[in-house]
Every structure is written in structure tokens, then in C-alpha cells.
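Written out below as C-alpha cells is the structure these notes cover.
In the UniProt record's numbering, the protein residues as written are 1 to 347.
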């Protein structure tokens with residue numbers, strides 16, 4: 001397949017091995033491969049049709065028309081919106097774990113709830129627990145609102161307790177009440193890549209490590225997100241935020257390369273919003289002191305990308321920090337506000 005696409009004039013992305021792009025004067029044809037499935041899009045319907053006909057001459061293929069279902073994701077498209085959800089898959093999960101008639105809750109995790117390895121409760125069935133977490137992980141493809149808790153629960157795959165199982169089933173109870181929810185992407189006036197970066201500090205009760213998070217948007221819903229525990233212990237909130245900002249900037253640079261491959265170059269700096277003034281000050285000030293010298297490699301990296309005008313760290317207050325939803329639990333009001341800002345809503 002790779003050789004055939006290259007022979008048709010497509011260029012393979014150096015940043016994403018499944019992405020192929022063909023430039024035709026002012027038009028584009030974009031192909032994305034997944035095993036034996038193929039997604040095709042572009043700016044000219046005639047060029048797309050011609051490409052499909054060419055492929056069918058060479059391979060035995062079935063044209064399923066406009067995408068409505070792909071890898072367990074349901075896609076609803078209109079002229080101004082694209083809505084993606086996993087309602088059918090979620091129903092199957094609820095049925096598999098006997099939670100079809102469960103009582104729903106408003107949030108996936110109790111406010112200020114903390115989970116740890118040694119919680120004093122009895123061991124859970126690890127096979128069932130791992131299966132459930134695997135299912136929930138797949139759901140995060142369209143449900144970033146459960147990303148933080150699923151990330152936390154995945155830390156206990158080898159030591160699952162009954163309390164962990166209860167927490168995992170609470171996610172199902174939350175999903176049962178938001179069965180029709182997914183991500184809605186709307187047409188925007190200004191197509192501009194922006195990111196949000198955040199971190200808690202020493203949030204893990206087992207090893208005092210922090211959790212980094214980021215998300216990116218083109219002005220509508222978020223399309224890229226992450227919630228991940230640090231590999232080292234941060235010695236201050238500034239260092240924790242710095243580690244998170246570094247991860248976000250790395251993702252921003254990768255997304256920028258994808259945009260270049262798609263001929264969607266963004267000339268201006270990619271803005272990454274952080275809510276920690278110390279992080280901004282340190283990233284822009286070349287002066288080291290005792291509290292920062294141990295993470296100077298990240299310091300130099302953030303300084304260089306800003307100096308090169310590729311990415312720019314920008315301050316935002318904590319109220320507008322969307323990535324906050326990936327670092328901790330919240331009360332209902334705050335959680336629903338952040339969920340809406342992610343672009344997660346009902347059909």
C-alpha cells in the first residue's frame with residue numbers, strides 16, 4: 001500500500017507514518033491508513049472520487065461513502081459541525097459489566113477523592129479490573145472528561161483493590177448518565193492552534209509525583225489531550241508546571257509538523273497557556289538560582305522554542321485553564337464548566 005500511494009504522487013508524513021498527502025495545484029487529497037481501513041478526505045470531491053476509482057483498480061475495496069462509523073466511533077457530519085461519540089461501544093461496556101440499570105452520578109470522581117495502592121480494602125478480581133480499565137481507556141478517544149480518573153486507575157492494574165473497582169464502576173455510573181455525550185467540532189472564523197498546560201503538585205499519595213496535562217484546540221473542541229504522572233518527583237510547583245509545559249510544547253511542535261504536512265502552515269507562534277507565573281518568568285529569564293538549576297535542560301528548551309518564535313507560553317488565570325480537568329477531581333459546577341470547554345456535550 002505504501003509503495004502504491006507513493007507511486008500515485010502522495011507524500012508520506014515524516015511525523016505520522018499513517019498519513020499521506022497529495023498536493024494538486026490548489027487542492028489536497030489526504031489519506032490516513034489503519035491496518036486494512038482507509039480514511040480519505042480533501043478539498044475537491046472530484047479528486048477524491050478519482051483516487052477511490054484508481055485504488056479499486058488495484059485493490060479489492062469497498063467504498064462505504066461518507067464516514068459515519070470508524071473503529072468504534074460514531075461520526076455525525078453536517079455542513080458546520082462534526083460530532084464524534086462512542087455511544088454504541090459504551091452500551092456494550094455497560095452490558096458487559098452489568099451496569100445497564102445502574103444509578104447515574106454527576107461526576108466520574110468524588111470531589112477531592114484520593115486513590116492509593118495500599119488502601120486497606122480486599123483485593124479485586126484483577127482480570128475483570130484490567131478488562132474494565134482497558135475499555136475505559138478506549139472510551140477516552142471521545143470522552144476526555146474521564147481521562148484523569150482513568151489515568152489514575154490504570155496505575156493499579158497489578159494491585160487492584162475493591163476500592164479501585166468501586167472507583168472504576170463510578171466512571172461507568174457517570175457514563176451511564178451521559179450516554180449520548182461526545183465531542184462536537186464546530187466551524188470557526190479563525191483556525192488557530194492553541195494549547196493549555198497544567199500540573200498538580202505531589203498529587204500521588206504513593207510516591208508524591210505530580211500529574212502533567214495538556215490539551216490542544218483549533219478554536220472549537222479539543223482534539224488532543226494527555227494526563228500523565230511525572231517520571232520524577234518535582235521539588236516545587238514551578239518545577240511541576242515546568243515539566244508539564246515541556247510536554248505540552250513537545251506536542252505543539254509535533255502538531256505543527258503535521259499542519260505543515262497538511263499545508264496548513266501557521267505563521268504565528270503557537271500559544272500554550274499556563275496558569276503559573278513562576279513558570280513564565282523562569283522560561284523567559286536566563287538567570288539561574290538554587291531552585292531551578294536542577295531542571296535547566298527543560299529551561300533551555302523552553303527558552304529556545306520561544307526565541308525561535310515557534311511556541312509562546314502565555315499566562316491565563318486558573319479559572320480559564322482547561323487542562324485543569326486532567327489533573328484533579330472537582331465539584332459538579334466546576335467539572336461541568338471545564339467539560340463544556342473541552343467540547344464534550346450531548347448530541
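Ideal Cβ placement from N, Cα and C applies to all residues, glycine included.
Opening and closing residue of the alpha helix (DSSP H) in which residue i lies
i: residue 47; result: 45-58
i: residue 253; result: 237-261
Where residue i sits in the DSSP three-state scheme
i: residue 201; result: coil
i: residue 67; result: coil
i: residue 324; result: helix
i: residue 21; result: strand
i: residue 2; result: helix
i: residue 9; result: coil
i: residue 312; result: strand
i: residue 304; result: helix
i: residue 283; result: helix
i: residue 144; result: helix
i: residue 266; result: coil
i: residue 277; result: helix
i: residue 117; result: coil
i: residue 103; result: coil
i: residue 130; result: helix
i: residue 171; result: helix
i: residue 26; result: coil
i: residue 318; result: helix
i: residue 188; result: coil
i: residue 139; result: helix
i: residue 94; result: helix
i: residue 330; result: coil
i: residue 338; result: helix
i: residue 233; result: coil
i: residue 88; result: helix
i: residue 110; result: coil
Range of the contiguous beta strand (DSSP E) that encloses residue i
i: residue 147; result: No beta strand (DSSP E) holds residue 147; the alpha helix (DSSP H) holding it covers 147-153.
i: residue 84; result: 81-85
i: residue 37; result: 37-42
i: residue 270; result: 270-274
i: residue 73; result: 73-77
Burial state of residue i (16 or more Cβ within 10 Å)
i: residue 204; result: buried
i: residue 165; result: buried
i: residue 300; result: exposed
i: residue 77; result: exposed
i: residue 187; result: exposed
i: residue 243; result: buried
i: residue 246; result: buried
i: residue 279; result: buried
i: residue 251; result: buried
i: residue 86; result: buried
i: residue 161; result: buried
i: residue 225; result: buried
i: residue 62; result: exposed
i: residue 241; result: buried
i: residue 69; result: exposed
i: residue 41; result: exposed
i: residue 90; result: buried
i: residue 73; result: buried
i: residue 307; result: exposed
i: residue 84; result: buried
For residue i: DSSP bridge partner residues
i: residue 345; result: 182
i: residue 222; result: 217
i: residue 31; result: 20, 40
i: residue 212; result: 199, 228
i: residue 123; result: 161
i: residue 194; result: 217, 271
Validate contact between the segment 106-124 and the segment 148-157 using beta carbons, cut 8 angstroms, 3 pairs = yes
Are the segment 214-223 and the segment 175-195 in contact at 8 angstroms, needing three or more beta carbon pairs?
-> yes
So, do the segment 307-325 and the segment 121-133 have three or more beta carbon pairs nearer to each other than 8 angstroms?
-> no
Contact the segment 272-287 vs the segment 301-315: 3+ CB pairs below 8 angstroms | yes
Examine the Cβ distances between the segment 224-241 and the segment 259-268 and report whether three or more of them are shorter than 8 angstroms.
-> no
Using 8 angstroms as the Cβ pair cut-off and three pairs as the minimum, do the segment 42-57 and the segment 95-115 touch?
-> no
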